[in-house]
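**Student:** I'd like to ask some things about the structure below.
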Amino acid sequence: MMNCSMPTLSCLFFFIFFLSIPSFAISFPTGNNTVFCPEIEKQSLLSLKNSLKDPYKLLSSWDAEVNCCKWNRVICSNLTGHVHQLHLQGNYLSGKINPSLLNLKHLTYLNLSDNSFDGETIPSFMGSLSNLEHLDLSDARFEGKIPHTIGNLSNLHTLHLGNSYGLEVDSLEWLSGLSKLECLNMEFTDLSRATDWAQVINSLPSLLELHLSFCSLDFSHHPNTANLSTSLTFLDLSWNGVHTNQPATIPVPVPVWCFHLRNLLFLDLSFNYHAFGGPIPTTSNATKIQHVDLSFNDFSNSSIPDWLYECTNLEFISLSSNSLQGKISSAIANLTSLKTLNLGYNQLSGKIPREITSLCKMQTLELSDNELERGQDIFRNMSGCFLESLEKLSLSRNQLSGHLIEQFGEFKSLEYLDLSYNSLSGSIPISLGNLSSLKELYLYDNKFTGNIPECLGQHNNLAALYIGNNNLEGIVTEIHFANLSKLMAFHASGNRLTLNVGTSWVPPIQLKVLAIGSWSLGVDSEMPSWLQTQRNITQLDLSNTGISGSTPRWFFDTQYLNVSHNNLHGKITHVIGSQFVFMSYNKLSGSLPPIGATVRELDLSHNLFSGGIFNVLCNTKNKGHYLQFLLLEGNQLSGELPDCWNKFPVLTHLKLGNNTMSGSIPNSIGFLAQLESLSLHSNKFSGQIPLRMQNCTNLRKIDLSHNNLDGKFPTWIGTSLVNMEILILRSNKLSGEISSEICHLQSLNILDLSNNKFSGMIPRCVSNFSAMAIKRRLGVDDYSVGLSDEAYSDHEFSLEIFLESASIMTKGVELEYSTILSLVTNLDLSMNNLSGDIPKELTSLVELRSLNLSGNHLTGSIPESIGDMKQLESLDLSNNSLSNQIPNGLTLISSLSHLNLSFNKLTGRIPQGTQLGTLEASSFIGNDLCGPPLTRNCSGDSDEVHAKKEENEGEKSEIEWLFVFISLGFAVGFSAVCTALVLNKSWRYAYFRLLECMWDNLYVYFYIKWKRLTTSPT
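Numbering (our numbering), first residue to last: 302 to 1319.
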């Protein structure tokens, strides 16, 4: 970033003047070449020193017995001795600024930056230092309002007030008097009330640089573009959307005037995503621009503007995270000066233009997270200068497919290559071994097959290698790591690889990240001895590798540990200090280990731990915890739930299901204000659901099933926990009516209140469960941890994906859902004492997949509109008192695979449909029904069959008599003709002449046709 030390013509004049001072001194000798500062100025500086706190004695040279022009950080005029400059930056000074500073009437330069004037305001008397040309109070921790008197410093060229974090203004009108101001830096100053900022800035004729990032600017008042000043060369308005006054739902258009500054070289409008909306302006006059950063805004339905391709001086372009659409134009070939192009995290589509590979100065190419497709010839026949200049290439999270071509190995200077999260297949090219400058390689989450090329082990500069989640297989030997002396991060989990190294092998590397989950370690299920040589590991993944034995203490010195799905056993007696610990599905036993205060995520579920958890969680030595995930389900834990949850203010997920814990749920659980998921199912908890849980307003899932809880339905769930998505209270002793307050839970997609003692009617407001009526998409909660080491800090790698799970009764069985839980919609009110009819409003839940109302006292008819619930897969209305006929609408539900209407009072014929015809008879027994699949014929069926049989027999008889009469008539007629021919000779001759004539005519006709066919030319 440019600073405010850019020389001006006036500065140059004074510089030349100061250089000429020694010649003046020689021309007019005083007999003593040393100039002394005036006594009043010396005493003023001593007064300033006395009012400041200087713990590091950095002003120790300020001695009354010494000429102040000899003091450190004081610069005097060589001609007059007056103090001209004070360089007091970075001295860790604090205290107050003494008004004696006003005696330095010739002061032109004052720098108090990087100090600690905590809580102090900027002294208003500074506005009386009329000769000041440079004032720097940045990062000095001043607070309060900036005094308007600063506007009296009419000679100021540079004004730095940024990075103090506590400064604010109510207006910037005072800036209008600084007509000579060339550089203004007010970063991190609260300008939210200065609605006039744009107009005031536009009135400064000499302004060249403007730094207003993190200022909470109001962008709703744009200046008139017709009056724009064209002097600005540097404009930084970034990071203002975070605290903007504009509502997030109504962003304002990006300031068009920013793109009409003809002399602009640097423009940064990044991270204003709550402020800017609409398209990027389609025109621009800033043809000289070199740096453009518009990243992290909301330019939806916008594409890359065409004018950008015409700015031939551009060296840096970042349009990332803007929801941009469209294609990358081949006109990008015009940007011959381009060094950095970042178009990542958009919705760009099409092929990557081949012209990119002709840009000879390109160093960083970031196209990750789009919908781009790799053309067949993009990286073929690249220009030599592109191969030699490119240092960083990132194409992750696109739609790239096919094989990696050998030309990737021709990049001479490539240090960073990220092709992760695509569909690339085939083998990893051997040519990648030619990338001698490569430091980071990310091929994570593709479809690569075959072995890991041994040539990757020749990269002596490689620091990070991520090849996890592919289909690699084969043997990995010591050769693969032979020359990787600088490797710090190796991630290859999720492949079918086997490590085959000697028992005495000592790796030539010291890793910080090692992830080889799902590998076969080839060590007879023992802990590999070479692992003990890795003393710097901070992130370790050995999940599903079959390792056994006890857990070594050094495991918990790591930052991230995943050894789940193994055969580890024994007790853990030492404190767990890792931030992220995943040890589920092992055979660990004994009491729970002590938990350190730094642990953030802990998963010890599905082991053999026993005893209580009070001593673990309520240790008085730890005053506070950063614990967010505590997963202890599926163990043998007992005792009561401790009452010290106030120690876990950031806990978001608590899972203690499938244990043998008892007692009541403590009130202190209401202190978990950040809690999102609570699972205490399958224990022996009793008592009522505590009222203080209404303070856990972020809850999205509650599973308290299979306990002994009693009391009324908690009405506050519907009014306080409005974000609830999954509510499971199955198999308890809850009673009373189901409150209509529950209908406020519009996000609810799983509601299970079955096997309790609820009574009354089903609330008719169930139609408010809008999440059960809207089509859902698959999604999981992704909790990721970014790597922080310098060598791979640019790449964020998801270490663990936590999948929420729930046990759901559907289709007559209990099923566990996790990966597709977000698609499950279930309403289960079965096995209660509910009465009344089935509300017609319930059938509006058209995305419901499972509905169970069995085992109640429901009456009335099944709603005809139930046919609207076309996503139903399971419907159970059995063991009620429902009457009348089964509605024909059921035949419209093609997805219905489980139906139980047994033991009701239904009557009539079972409707025939595609799905209903495949069901068992047990689905309909205990009613007064007839027809398939039941063996009982419907009443009137036998009479109908008999009548139809008689009708068929009558029709058959009529047909037989018809044949008799026709045959008789033909015989009589034929006999009469023959008799007449025999008795009448003239008739007989005439009849035979007629036959002979007809024969002759036919013969002549066919003979002529035959002759024509045989004589016609071919």
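Built from N, CA and C at the ideal position, the CB exists for glycine as well.
Would you kindly report the start and end of the unbroken alpha helix (DSSP H) that includes Leu-1191?
**Tutor:** The residue given as residue 1191 occupies position 890 in the sequence shown. Counting along the chain, Leu-1191 falls outside any alpha helix (DSSP H), and DSSP gives it neither H nor E.
**Student:** May I have the straight-line CA-CA distance separating Ser-1162 from Lys-1141, to the nearest angstrom?
**Tutor:** Counted from its first residue, the sequence shown places residue 1162 at position 861. Counted from its first residue, the sequence shown places residue 1141 at position 840. C-alpha separation (whole angstroms): 10 Å.
**Student:** From the DSSP output, which residues share a beta bridge with Ala-816?
**Tutor:** One-based indexing of the sequence shown puts residue 816 at position 515. In DSSP, Ala-816 forms a bridge with His-792 and Asp-842.
**Student:** Where does Ile-1121 land, buried or exposed, given buried means 16+ other C-beta within 10 angstroms?
**Tutor:** What you label residue 1121 is simply residue 820 of the sequence shown in a count that begins at 1. Looking at its Cβ environment, which holds fewer than 16 other Cβ atoms inside 10 Å, Ile-1121 is exposed.
**Student:** Distance, Cα to Cα, Asp-569 vs Lys-662?
**Tutor:** Numbered from its first residue, the sequence shown carries residue 569 at position 268. Numbered from its first residue, the sequence shown carries residue 662 at position 361. When rounded, the distance between both Cα atoms is 22 Å.
**Student:** Within 10 Å of its beta-carbon, does Ala-1248 have 16 or more other beta-carbons around it, so buried, or fewer, so exposed?
**Tutor:** Counted from its first residue, the sequence shown places residue 1248 at position 947. Any reading at Ala-1248 is ruled out, since the residue's pLDDT is 45, under 50, leaving its predicted position unreliable.
**Student:** According to DSSP, is His-385 part of a helix, a strand, or is it coil?
**Tutor:** In the sequence shown, counting from the first residue as 1, residue 385 sits at position 84. The answer is strand: DSSP assigns His-385 an E or B state.
**Student:** What does the alpha-carbon distance come out to for the pair Cys-370 and Phe-337?
**Tutor:** Numbered from its first residue, the sequence shown carries residue 370 at position 69. Numbered from its first residue, the sequence shown carries residue 337 at position 36. In a straight line, the C-alpha of Cys-370 is about 7 Å away from that of Phe-337.
**Student:** Go ahead and label Tyr-832 buried or exposed: buried means 16 or more other beta carbons lie within 10 angstroms of its beta carbon, across all protein chains shown.
**Tutor:** Numbered from 1 along the sequence shown, position 531 holds the residue referred to as residue 832. Sequence check: residue 832 is Leu here, not Tyr. By the 10 Å Cβ count, Leu-832 comes out buried.
**Student:** So for Val-1125, helix, strand or coil by DSSP?
**Tutor:** As a position in the sequence shown, residue 1125 is number 824, starting the count at 1. Val-1125 falls in the coil class under three-state DSSP.
**Student:** In chain order, what residues of the same chain have a beta carbon less than 8 Å from the beta carbon of Phe-680, not counting five sequence neighbours either side?
**Tutor:** Start at 1 with the first residue of the sequence shown, and residue 680 comes out as number 379. For Phe-680, where only same-chain residues beyond five positions count, the Cβ hits under 8 Å are Thr-658, Ile-706, Gln-708 and Phe-709.
**Student:** Counting only the same chain and skipping the five closest in sequence on each side, list residues whose C-beta sits under 6 Å from that of Glu-774.
**Tutor:** Locating residue 774 in the sequence shown gives position 473, counting from the first residue. Taken in chain order, the residues that qualify are Arg-797.
**Student:** Leaving out five residues before and five after His-388 in sequence, what residues of the same chain have Cβ atoms less than 6 Å from its Cβ?
**Tutor:** In the sequence shown, the residue the question calls residue 388 occupies position 87. Excluding residues within five positions, the ones whose Cβ falls inside 6 Å are Arg-374 and Asn-412.
**Student:** Shortest alpha-carbon distance to Met-884 belongs to which of Ser-849, Leu-918, Ile-914 and Gly-912?
**Tutor:** As a first step, residue 884 is located in the sequence shown; it is residue number 583 there, counting from the start. When only C-alpha atoms are compared, the closest one is Ser-849.
**Student:** Look at the alpha carbon of Asn-1302 and the alpha carbon of Ala-1291, and state the distance between them as a whole number of angstroms.
**Tutor:** Here residue 1302 is taken as the residue at index 1001 of the sequence shown, counted from 1. Here residue 1291 is taken as the residue at index 990 of the sequence shown, counted from 1. Roughly 17 Å between the two C-alpha positions.
**Student:** What is the residue span of the alpha helix (DSSP H) that Ile-376 lies within?
**Tutor:** Here residue 376 corresponds to residue number 75 of the sequence shown, with the count starting at 1. Note, Ile-376: premise wrong, no alpha helix (DSSP H); beta strand (DSSP E) at 375-377.
**Student:** Considering only the alpha carbon of each residue, which of Glu-1042, His-870 and Arg-901 lies closest to Thr-859?
**Tutor:** Numbered from its first residue, the sequence shown carries residue 859 at position 558. The shortest C-alpha separation from Thr-859 is found at Arg-901.
**Student:** Return the chain-ordered list of same chain residues with a C-beta closer than 6 Å to the C-beta of Asn-573, the five sequence neighbours on each side being excluded.
**Tutor:** As a working mapping, residue 573 is identified with position 272 in the sequence shown. Once the five neighbours on either side are set aside, the close Cβ partners of Asn-573 are Asn-541, Gly-542 and Asn-598.
**Student:** Let me check one thing: in DSSP terms, what residues is Gly-775 bridge-paired to?
**Tutor:** Indexing the sequence shown from 1 puts residue 775 at position 474. Gly-775 is bridged to Leu-798.
**Student:** Does the distance from the C-beta atom of Ile-590 to that of Leu-565 stay below 7 Å?
**Tutor:** Your numbering for residue 590 matches position 289 in the sequence shown. Your numbering for residue 565 matches position 264 in the sequence shown. Yes. Within cutoff.
**Student:** So the alpha helix (DSSP H) Asn-351 belongs to, where does it begin and stop?
**Tutor:** Here residue 351 is taken as the residue at index 50 of the sequence shown, counted from 1. Counting along the chain, the alpha helix (DSSP H) containing Asn-351 begins and ends at 340-352.
**Student:** Does the Cβ of Leu-1116 have 16 or more other Cβ atoms within 10 Å, making it buried, or fewer, making it exposed?
**Tutor:** Reading the sequence shown from its first residue, position 815 is the one you call residue 1116. By the 10 Å Cβ count, Leu-1116 comes out exposed.
**Student:** On a CA-only basis, which of Leu-668, Phe-687 and Glu-711 is nearest Leu-649? Give me that one, please.
**Tutor:** Numbered from 1 along the sequence shown, position 348 holds the residue referred to as residue 649. The residue with the shortest Cα to Cα distance from Leu-649 is Leu-668.
**Student:** For Cys-919, does the three-state DSSP call read helix, strand or coil?
**Tutor:** Residue 919 sits at position 618 when you count from the first residue of the sequence shown. Coil, per DSSP.
**Student:** Around the C-beta of Arg-1294, are 16 or more other C-beta atoms found within 10 angstroms, so that it is buried, or is it exposed?
**Tutor:** Counting from one through the sequence shown, the residue named residue 1294 turns up at place 993. Counting Cβ neighbours within 10 Å, Arg-1294 comes out exposed, since fewer than 16 surround it.
**Student:** For Lys-1058, which residues does DSSP report across the bridge?
**Tutor:** The sequence position of residue 1058 within the sequence shown is 757, counting from 1. Beta-bridge pairing links Lys-1058 to Ser-1036.
**Student:** When DSSP labels each residue in this structure, what does Pro-400 get in the three-state scheme?
**Tutor:** Mapped onto the sequence shown, residue 400 falls at position 99. The answer is helix: DSSP assigns Pro-400 an H, G or I state.
**Student:** Identify whether Ser-970 lies in helix, strand or coil by the three-state DSSP scheme.
**Tutor:** Taking the sequence shown and counting its residues from 1, one reaches residue 970 at position 669. Checking the sequence, you will find Ile at residue 970 rather than Ser. Three-state DSSP puts Ile-970 in a helix.
**Student:** Identify, in the order they occur along the chain, each residue of the same chain with its Cβ nearer than 6 Å to the Cβ of Ile-1043, setting aside the five sequence neighbours on each side.
**Tutor:** As a first step, residue 1043 is located in the sequence shown; it is residue number 742 there, counting from the start. Around Ile-1043: Gly-1019.
**Student:** Which class does Met-1170 belong to by DSSP, given the choice of helix, strand or coil?
**Tutor:** Taking the sequence shown and counting its residues from 1, one reaches residue 1170 at position 869. DSSP places Met-1170 in coil when its eight states are reduced to three.
**Student:** Bridge partners for Cys-1231 per DSSP, in chain order?
**Tutor:** In the sequence shown, residue 1231 corresponds to position 930, counting from 1. Looking at the DSSP assignment, Cys-1231 forms a beta bridge with Arg-1210.
**Student:** Are the region 471-487 and the region 451-459 touching, with three or more C-beta to C-beta distances below 8 Å?
**Tutor:** yes
**Student:** List the whole-angstrom C-beta distance separating Asp-1129 from Met-1110, where the pair is believed to meet the contact cut-off of C-beta under 8 Å.
**Tutor:** In the sequence shown, residue 1129 corresponds to position 828, counting from 1. In the sequence shown, residue 1110 corresponds to position 809, counting from 1. Contact between Asp-1129 and Met-1110 holds: CB atoms are separated by about 6 Å, below the 8 Å threshold.
**Student:** DSSP on Leu-934, reduced to helix/strand/coil?
**Tutor:** Counted from its first residue, the sequence shown places residue 934 at position 633. Residue identity differs from the one stated: residue 934 is Glu in this sequence, not Leu. Of the three classes helix, strand and coil, the one that applies to Glu-934 here is coil, per DSSP.
**Student:** To the nearest angstrom, report how far apart Leu-763 and Met-962 are at their CA atoms.
**Tutor:** Working through the sequence shown from its first residue, we reach residue 763 at position 462. Working through the sequence shown from its first residue, we reach residue 962 at position 661. Note on geometry: alpha-carbon atoms of Leu-763 and Met-962 lie some 51 Å from one another.
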